[in-house]
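**Q** Just passing along the structure, written as structure tokens.
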Amino acid sequence: MKKKLALLLACTMMLGMTACSGGGTASTTAAPAEAETTQAASEAEGSEAASGDMEALIEAAKAEGELTVYGSCEEEYLSAACQNFEKLYGIKVKYQRLSTSEVYTKVSEEGGKPSADVWFGGTTDPYNEAVADGLLMPYEAMNAVNLISEDYKDPTNCWYGIYKGILGFMVNTEELTRLGLEAPHTWDDLTKEEYKGLIMMSNPNTAGTAKLVINTMVQMKGHDEAMEYFKALDKNIAQYTKSGSGPSKMVGPGECVIAIGFLHDGIYQILQGYDNIELIVPEDGTSFEIGATAIFEGCAHPNAAKLWIEYALSPDCVDHAKENGSYQFLVISNATQPEEATQFGLDMNNTIDYDFEDAKNNIAQYVEDFFAALGSSSDSADSSRFLTE
Numbered sequence: 000m001k002k003k004l005a006l007l008l009a010c011t012m013m014l015g016m017t018a019c020s021g022g023g024t025a026s027t028t029a030a031p032a033e034a035e036t037t038q039a040a041s042e043a044e045g046s047e048a049a050s051g052d053m054e055a056l057i058e059a060a061k062a063e064g065e066l067t068v069y070g071s072c073e074e075e076y077l078s079a080a081c082q083n084f085e086k087l088y089g090i091k092v093k094y095q096r097l098s099t100s101e102v103y104t105k106v107s108e109e110g111g112k113p114s115a116d117v118w119f120g121g122t123t124d125p126y127n128e129a130v131a132d133g134l135l136m137p138y139e140a141m142n143a144v145n146l147i148s149e150d151y152k153d154p155t156n157c158w159y160g161i162y163k164g165i166l167g168f169m170v171n172t173e174e175l176t177r178l179g180l181e182a183p184h185t186w187d188d189l190t191k192e193e194y195k196g197l198i199m200m201s202n203p204n205t206a207g208t209a210k211l212v213i214n215t216m217v218q219m220k221g222h223d224e225a226m227e228y229f230k231a232l233d234k235n236i237a238q239y240t241k242s243g244s245g246p247s248k249m250v251g252p253g254e255c256v257i258a259i260g261f262l263h264d265g266i267y268q269i270l271q272g273y274d275n276i277e278l279i280v281p282e283d284g285t286s287f288e289i290g291a292t293a294i295f296e297g298c299a300h301p302n303a304a305k306l307w308i309e310y311a312l313s314p315d316c317v318d319h320a321k322e323n324g325s326y327q328f329l330v331i332s333n334a335t336q337p338e339e340a341t342q343f344g345l346d347m348n349n350t351i352d353y354d355f356e357d358a359k360n361n362i363a364q365y366v367e368d369f370f371a372a373l374g375s376s377s378d379s380a381d382s383s384r385f386l387t388e
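If you count the sequence shown from 1, position 274 lands on 273 in numbering that gives the first Met the number 0, and the numbers rise without skipping.
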């Protein structure tokens, strides 16, 4: 160590002598003040370049003049986001609310000529299926710097996260009291015979929420045990709704006693006046969705679509969520988190280390296995429980 220090000092002295005598090549290392000035100038240039790029994108998007959005978030938020985009940029926006699996199926069947330009909201499992099939267009978004983590974007820039929401149970406390039942606190509790006919979940053929439930159980229990679990759970399921938020809407009125879904949907129902709803984060662990946005490969208005992505990754878009019944945790650093997301005690720390790659590569097979498992159950009810409308 002493020899290394001596050598370092000697080198430093030689460099100092050389610089003073002017007999050698001058050092290229800037003084601290010069370095700060250089860095500040570089950042300013980068900011100016980004500003220029954004201005050019806005002009190109305005020249296209229109945009079509498929939205898989709740329609109130979808409508507000689209109307605000139209107001900001003067670009005519058409939109349609579809469940995530519906969007995936529709765009898959359109064979590279999608009838919409962008996808907005909804859990990423169907988005990842679309990535694997080449249905989404990569785009390196300028506003991706606003994401709180690289975890909230596709590695190939095919989708970007805008919010996350925790999977859990919503229960009608009045109905449970009337029936003399305790609320479920774990996934296994849901298979208890006492809950027969009291539970609702969404349909994996139409809802990304249900796909997340399937992936979650496979990752928590292993494939074969998960399929056995779904056979047991199916005995207690009254209905599989088309939309992931469908079960949450049935709890307050008492049409459903126990709903499986995203707890922010339950928050919305409570704030609508249904104070008989309790939100439950499963004690044995759960998972969370990343709500995303993406551009469809081959879309008719690519510049307007890119501008939409920049918009979706900004407070101009996501800060409207809480004003329109969506109380997810936002993953945009400069956005304002909805107080309601924490007010109800939702714990985002009790989540599993979700394997997005396994979900992306295998969910289509897992859904097939899910229906095969239910079909092999002698107690499985008829297919009319699986709503598609």
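Built from N, CA and C at the ideal position, the CB exists for glycine as well.
1) Looking only at its own chain, which residues have a Cβ that is under 7 Å from the Cβ of Ser193, when we skip the five neighbours before and after it?
2) Considering Cα atoms alone, identify which of Ile266, His263, Leu262 and Tyr273 is closest to Glu254.
3) Here's a check: name, in chain order, each residue in its chain whose Cβ is nearer than 8 Å to the Cβ of Lys305, leaving out the five neighbours to either side.
4) Nearest by alpha-carbon distance to Asn171: which of Gly164, Pro183, Ile161 and Gly160 is it?
5) Counting only runs of 3+ residues fully inside the segment 186-261, write out the beta strand (DSSP E) ranges in chain order.
6) Expressed to the nearest angstrom, what Euclidean distance is found between the alpha-carbon atoms of Ala320 and Thr341?
7) For Pro113, count the other beta carbons within 10 Å of its own beta carbon; 16 or more makes it buried, fewer makes it exposed. Which is it?
8) With burial defined as no fewer than 16 other Cβ atoms inside 10 Å of the residue's Cβ, what is the status of Thr205: buried or exposed?
9) Just to confirm the assignment: which complete alpha helix (DSSP H) runs, minimum length 4, are found wholly within the segment 93-169?
10) Can you list, in chain order, the residues of its chain with a C-beta nearer than 8 Å to that of Ile351? Leave out the 5 residues immediately preceding and following it.
11) In angstroms with no decimal places, state the Cα-to-Cα distance between Asn395 and Asn349.
12) For the segment 223-241 and the segment 143-153, state whether three or more C-beta atom pairs, one from each stretch, are separated by less than 8 Å.
13) Does the segment 153-162 come close enough to the segment 322-329 that 3 or more CB-CB pairs lie under 8 Å?
14) Would you kindly check if the distance between the Cβ of Thr123 and the Cβ of Ala291 is under 8 Å?
15) Taking Glu288 as part of the beta strand (DSSP E), name the residues at either end of that continuous run.
16) Can you grab the Cα-Cα spacing for the pair Ala32 / Trp307, in whole Å?
17) Give the DSSP bridge partners of Val68, in chain order.
18) By the 10 Å Cβ neighbour count, where 16 or more other Cβ atoms means buried, how is Glu108 classified, buried or exposed?
19) Quick one: give me the first and last residue of the beta strand (DSSP E) that Leu180 is part of.
20) Exposed or buried, what is Gly374 when buried is set at 16 or more other beta-carbons lying within 10 Å of its beta-carbon?
21) Going by the DSSP bridge assignment, what does Leu278 pair with across the sheet?
22) In the structure shown, what three-state DSSP assignment does Ile362 receive?
23) Measuring straight from C-alpha to C-alpha, what distance separates Ala39 and Ser313?
24) Count the other CB atoms within 10 Å of the CB of Glu388; is the residue buried (16 or more) or exposed (fewer)?
25) Go through its chain and collect everything with a Cβ distance to Thr190's Cβ below 6 Å, but skip five positions before and after it.
26) Exposed or buried, which one is Gln268 when buried takes at least 16 other CB atoms within 10 Å?
27) In angstroms with no decimal places, state the Cα-to-Cα distance between Ile236 and Met199.
28) Whole angstroms is fine: what's the gap from Ala299's alpha carbon to Lys91's?
**A** By the coordinates alone:
1) For clarity, residue 193 is Glu in the given sequence; the question names Ser instead. The answer, listed in chain order, is Leu180.
2) Glu254 has its Cα closest to that of Tyr273, out of Ile266, His263, Leu262 and Tyr273.
3) When the five nearest sequence neighbours on each side are left out, the beta carbons in the same chain lying within less than 8 Å of the beta carbon of Lys305 are those of Leu56, Ala60, Tyr138, Ala140 and Ile294, in order along the chain.
4) Nearest of Gly164, Pro183, Ile161 and Gly160 to Asn171, Cα basis: Pro183.
5) DSSP runs (the beta strand (DSSP E)) wholly in the segment 186-261: 198-201, 236-240 and 257-261.
6) Roughly 15 Å separates the two Cα atoms.
7) Under this definition Pro113 is a buried residue.
8) Looking at its Cβ environment, which holds 16 or more other Cβ atoms inside 10 Å, Thr205 is buried.
9) Fully enclosed alpha helix (DSSP H) runs of 4 or longer: 99-108 and 123-131.
10) Closer than 8 Å at the Cβ level, and outside the excluded window around Ile351, lie Thr215, Gln218, Met219, Gly284, Thr285 and Ser286.
11) Because the chain spans 0 through 388 in this model, residue 395 falls outside it and cannot be assessed.
12) These segments do not touch.
13) The segment 322-329 vs the segment 153-162: in contact.
14) It is a contact, given that the beta carbons lie within the stated cut-off.
15) Element bounds for Glu288: Phe287 to Ile294.
16) With a pLDDT of 45 at Ala32, under the threshold of 50, the modelled position of that residue is not reliable, and no figure is offered here.
17) As a beta-bridge residue in DSSP terms, Val68 pairs with Tyr94 and Val117.
18) Classification of Glu108: exposed, given that the 10 Å Cβ count is below 16.
19) From DSSP, Leu180 is part of no beta strand (DSSP E); its letter is neither H nor E.
20) By the 10 Å Cβ count, Gly374 comes out exposed.
21) Its beta-bridge partners are Met169.
22) Residue state, collapsed to three classes: helix.
23) Here Ala39 scores only 43 on pLDDT, less than 50, and its place in the model should not be relied on; the value that follows carries that caveat. Approximately 24 Å between the Cα atoms of the pair.
24) By the neighbour-count definition (other C-beta atoms within 10 Å, threshold 16), Glu388 is an exposed residue.
25) Result list for Thr190: Ala231 and Leu232, in chain order.
26) Note on Gln268: 16 or more other CB atoms within 10 angstroms of its CB, so buried under the neighbour-count rule.
27) Distance between the alpha carbons of Ile236 and Met199: 6 Å.
28) One C-alpha to the other measures close to 14 Å.
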